[in-house]
Amino acid sequence: MSFQAPKGVPEYFPPRSATFLAVRAAFATAAQNAGYSYIEVPVFEDTELFARGVGESTDVVTKEMYTFADRGGRSVTLRPEFTAGVMRSTLEHGLHHGQLPVKLWTTGPAFRYERPQAGRYRQLQQFNVEAIGTEDPAVDAETIAVAWSGYQALGLSQVRLLLNTLGCKQCRPAYRAALQDFLRGLDLDEATRERIEINPLRVLDDKRPEVRAQVENAPLITDHLCASCKAHHDRVRSLLEDLGVPWEDAPRLVRGLDYYTRTTYEFDHPLLGAQSGIGGGGRYDGLSEDIGGPPLPGIGFAVGVDRIILAVEAENLSQEAPARVAVYGVPLGEEAARRMFRLVSELRAAGVSADMAFDGKGLKGAMKGADRSGAAYAVILGDRDIAAGAAQVKDLASGDQTSVPLAEIITTLKERLTP
RNA sequence: GUGGGUGUAGCUCAGUUGGCAGAGCGCCAGGUUGUGGUCCUGGAUGUCGUGGGUUCAAGUCCCAUCACUCACCCCA
67 MSFQAPKGVP
77 EYFPPRSATF
87 LAVRAAFATA
97 AQNAGYSYIE
107 VPVFEDTELF
117 ARGVGESTDV
127 VTKEMYTFAD
137 RGGRSVTLRP
147 EFTAGVMRST
157 LEHGLHHGQL
167 PVKLWTTGPA
177 FRYERPQAGR
187 YRQLQQFNVE
197 AIGTEDPAVD
207 AETIAVAWSG
217 YQALGLSQVR
227 LLLNTLGCKQ
237 CRPAYRAALQ
247 DFLRGLDLDE
257 ATRERIEINP
267 LRVLDDKRPE
277 VRAQVENAPL
287 ITDHLCASCK
297 AHHDRVRSLL
307 EDLGVPWEDA
317 PRLVRGLDYY
327 TRTTYEFDHP
337 LLGAQSGIGG
347 GGRYDGLSED
357 IGGPPLPGIG
367 FAVGVDRIIL
377 AVEAENLSQE
387 APARVAVYGV
397 PLGEEAARRM
407 FRLVSELRAA
417 GVSADMAFDG
427 KGLKGAMKGA
437 DRSGAAYAVI
447 LGDRDIAAGA
457 AQVKDLASGD
467 QTSVPLAEII
477 TTLKERLTP
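Take the position in the first sequence, starting the count at 1, then add 66; the result is the number in this note's numbering.
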């Protein structure tokens with residue numbers, strides 16, 4: 067076969083795809099339980115939305131976007147993240163004109179043109195939660211709790227929560243200037259020196275040891291917070307404490323998107339190698355205005371479904387493939403195949419999952435199919451049985467087999483399958 | 001964008017100083033002509049990533065190229 071999946075695009079097929087759905091379901095349940103509603107937003111948007119929303123100084127915008135001209139000459143971009151699109155949709159449809167906050171969740175693929183590696187893909191699957199129109203630190207803590215319960219529901223026990231604040235429009239500029247003063251005095255490579263001028267906070271997050279050593283004594287935002295940011299941050303932390311969600315203060319934690327303000331956080335998993343961030347979020351109080359909307363604060367997170375799958379596997383939590391069906395039909399001969407096809411359909415209509423052997427398979431092959439389907443019962447039907455007006459119902463676990471009149475097959479199986 | 005590693009059966013991988021292309025798992029069939037899962041026996045499947053070079057002879061050595069992969073950077 068001469069085709070292969072595009073570079074950097076992971077695919078999930080059975081049995082592993084079950085874990086994919088389980089991860090989504092765990093977070094969807096957590097979000098729904100906390101009163102978040104589903105929103106479906108476009109996979110591509112006007113390029114300008116991301117440029118302004120995510121930020122011109124970010125790597126995501128400057129070198130990682132899948133941007134192209136459509137046939138009408140418009141520049142569109144496959145979403146590199148969800149928050150800008152969710153905010154745009156909220157503003158466009160006036161969701162914020164009702165009671166606030168607007169609490170939304172969404173999920174699907176996002177796209178970034180990067181060199182793939184373990185846990186880093188060009189098409190990545192995210193699960194997002196956004197609470198728009200609130201400054202209440204309790205909602206900051208709520209979003210963290212929602213993500214946390216998603217991880218818990220999957221059984222992950224090694225997730226670390228790193229928490230920081232980035233200050234706000236009032237206090238960040240002064241801190242930024244102080245940080246730049248400090249960083250300009252260091253011995254750094256050219257790319258990093260440029261970053262000092264564009265986005266100095268990100269230098270703090272550099273993972274290279276030689277950089278880390280030098281920023282050891284850099285001024286920290288936590289020492290430069292205004293009174294309201296400090297109160298906000300303290301409140302978030304004390305609420306987390308009330309909930310029993312453990313966190314680590316990470317005063318050097320910076321997120322890569324420009325819109326973050328105040329609360330920022332990241333979930334890490336120690337077993338994943340270089341790309342250990344399995345989720346991250348924060349407050350984006352200026353985003354609405356950045357894209358031409360009214361002042362409208364917000365807080366939310368994205369978790370990486372692909373990386374969570376890796377974490378689930380690293381902690382050996384992958385579930386065994388569930389039985390595909392409860393009943394499997396084994397027809398012998400043309401007439402039996404026709405009757406079985408209808409019986410299987412009737413079983414499904416009666417709420418009993420069922421499959422059957424096709425292609426005129428022989429008894430041995432069909433029974434093998436029954437075994438692999440994970441079915442609890444096989445229904446065997448041959449000419450002999452049709453003549454007798456009955457089918458053989460075999461309990462595949464015990465091997466016991468009984469003859470059941472055709473008219474009673476469905477009720478018998480329903481009964482036996484009900485615990 | 002930068003650097004390292006790896007390409008052999010459907011999958012995971014072995015393949016010696018260059019000398020007949022292999023194993024396990026899976027798949028198919030038979031043992032059992034109406035019975036799966038265990039067991040036994042047998043069977044099929046390869047442009048050895050691709051192109052070139054060296055050699056009597058290349059999976060093995062050399063060059064190029066492509067793909068995959070890990071890491072930097074960045075982020076979910």
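The C-beta atom is built at its ideal place from N, Cα and C for all residues, glycine as well.
Just so it is clear, the structure is predicted and the values come from calculations on it, not from any experiment.
Item	Value
Does DSSP classify Q192 as helix, strand or coil?	strand
What does the alpha-carbon distance come out to for the pair E263 and E256?	11 angstroms
In the DSSP assignment, find the alpha helix (DSSP H) that holds R186 and state where it starts and stops.	That residue, R186, is in no alpha helix (DSSP H); it is neither H nor E in DSSP.
Using the DSSP secondary-structure output, state which residues sit across from Q458 in a beta bridge.	I446, S469
Do the CB positions of K396 and K480 come within less than 8 angstroms of each other?	The sequence given here places Val at residue 396; Lys does not occur at that position. Going by C-beta atoms, V396 is not nearer than 8 angstroms to K480.
Name, in chain order, the residues that DSSP records as bridge partners for P72.	According to DSSP, which records beta bridges pairwise, P72 is partnered with nothing at all.
Please state whether the Cβ-Cβ distance between L376 and L338 is less than 8 angstroms.	yes
In angstroms with no decimal places, state the Cα-to-Cα distance between D351 and A389.	47 angstroms
Measuring alpha carbon to alpha carbon, tell me which residue in V391, Y443, L228 is nearest P336.	L228
With M422 as the anchor, note down where its beta strand (DSSP E) starts and where it stops.	420 to 422
Are the CB atoms of R137 and F110 within a distance shorter than 8 angstroms?	no
Using 10 angstroms around the beta-carbon of K169, count the other beta-carbons present and answer buried if the total reaches 16, otherwise exposed.	buried
Between K212 and A88, is the Cβ-Cβ spacing less than 8 angstroms?	Per the sequence shown, residue 212 should be read as Val rather than Lys. Against a cut-off of 8 angstroms, the Cβ pair of A88 and V212 comes out as no contact.
Counting along the chain, where does the beta strand (DSSP E) carrying L229 start and finish?	226 to 231
If P266 and L252 are in contact, beta carbons under 8 angstroms, what's the gap, nearest whole angstrom?	Not a contact, Cβ separation roughly 11 angstroms.
Which term fits N382, buried or exposed, when burial requires 16 or more other beta carbons within 10 angstroms of its beta carbon?	exposed
Is there contact between the segment 180 to 195 and the segment 292 to 305, where contact requires at least three CB pairs shorter than 8 angstroms?	no
For the alpha helix (DSSP H) holding L245, just list the boundary residues, first then last.	238 to 250
Given a cut-off of 8 angstroms on the beta-carbon distance, is the pair G310 and Y326 in contact?	no
Within the same chain, show all residues whose beta-carbon is closer than 6 angstroms to that of G216, passing over the 5 residues directly before and after it, in chain order.	A92, F93, A96
In chain order, what residues of the same chain lie with their CB nearer than 6 angstroms to the CB of G74, ignoring the 5 residues before and after it?	P182, Y187, R188
Tell me, please, which residues DSSP counts as bridged to F333.	L227, G345
Counting pairs of Cβ atoms below 8 angstroms between the segment 430 to 440 and the segment 463 to 482, do you hit three or more?	no
Assign F79 to buried or exposed, taking buried as 16 or more other Cβ atoms, counted over all protein chains shown, within 10 Å of its Cβ.	exposed
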